[in-house]
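Count along the sequence shown from 1, then add 830; that gives the number in our numbering. Note that beta-carbon positions come from the ideal geometry of N, C-alpha and C, so glycine has one too. What you are looking at is a predicted structure, and each value in this text was computed from that prediction instead of being measured. Read through the structure below, which is laid out as structure tokens, and then see the notes.
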Amino acid sequence: MSGDHDRPAFERGTGFLLARLGSLTARSWTAFLGEHRLTQAQYAVLVALGRHGAVGQRRLAELVAMDARNIVPVLDQLADRRLVERRPHATDRRRRLVVLTEEGTALVGSIASAAAAEQDRFLDALTEAEREQLNLLLQRLYAAHIPATDPS
Numbered sequence: 831m832s833g834d835h836d837r838p839a840f841e842r843g844t845g846f847l848l849a850r851l852g853s854l855t856a857r858s859w860t861a862f863l864g865e866h867r868l869t870q871a872q873y874a875v876l877v878a879l880g881r882h883g884a885v886g887q888r889r890l891a892e893l894v895a896m897d898a899r900n901i902v903p904v905l906d907q908l909a910d911r912r913l914v915e916r917r918p919h920a921t922d923r924r925r926r927l928v929v930l931t932e933e934g935t936a937l938v939g940s941i942a943s944a945a946a947a948e949q950d951r952f953l954d955a956l957t958e959a960e961r962e963q964l965n966l967l968l969q970r971l972y973a974a975h976i977p978a979t980d981p982s
């Protein structure tokens, strides 16, 4: 950790560090998704479908915290890439279910492992114990400032 005290005081402050590291991780994450030709919204939809299986468009919009009208173009783009399909609901013909295709499932799996590798690279300066401690502290701060959402 030599050199840390050579930095100006403002660069050692918690607020500055959180903001700066947040900016660095956001830039890195956006570039990572871009390599897979995905936006954050598209990624969120794919992950939600991977976790919850087939769901209606309205429920999917809730799961990814997106307005139901705004999810349509996201789904259109994913469908154009054959990553998702819209299927008729078994008992309600007015509803459509959104499901991952085989290609979508494969992409979600490959992105998850690539994202874990990218996170490991970003956190390389920390030991495993330090990473766990950092994550627990960040979760505690997050929980204190962001209301809990529906866990389903």
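Inclusion of residue 875 and residue 902 in the CB contact set at 8 angstroms is not warranted, their separation being larger than that value. Closest by C-alpha distance to residue 868, out of 846, 941, 957 and 956, is 941. Under DSSP, residue 932 shares a beta bridge with no residue. Annotation for residue 891: 897, 898 and 901 place their beta carbon closer than 7 angstroms to its own, counting only its chain and skipping 5 residues before and after. DSSP lists no beta-bridge partner residue for residue 962. In the DSSP assignment, residue 917 falls within the unbroken beta strand (DSSP E) covering 914-918. A straight-line Cα-Cα distance of about 15 angstroms links residue 920 and residue 883. Judged by beta-carbon spacing, residue 916 lies beyond the 8 angstroms limit of residue 933, meaning their Cβ atoms are not closer than that value.
Counting along the chain, the unbroken alpha helix (DSSP H) around residue 892 starts and ends at 887-893. Judged by DSSP secondary structure, residue 953 falls outside any alpha helix (DSSP H); it is assigned neither H nor E.
Non-local C-beta neighbours of residue 909 in its own chain, meaning closer than 8 angstroms and more than five positions away in sequence, comprise 915 and 916, ordered along the chain. Between the region 850-865 and the region 938-954, the count of C-beta pairs closer than 8 angstroms reaches three or more; the two stretches touch. Residue 876 sits in a helix when the DSSP states are folded into three classes.
For residue 878, the number of other beta carbons within 10 angstroms of its own is at least 16, and it is reported as buried.
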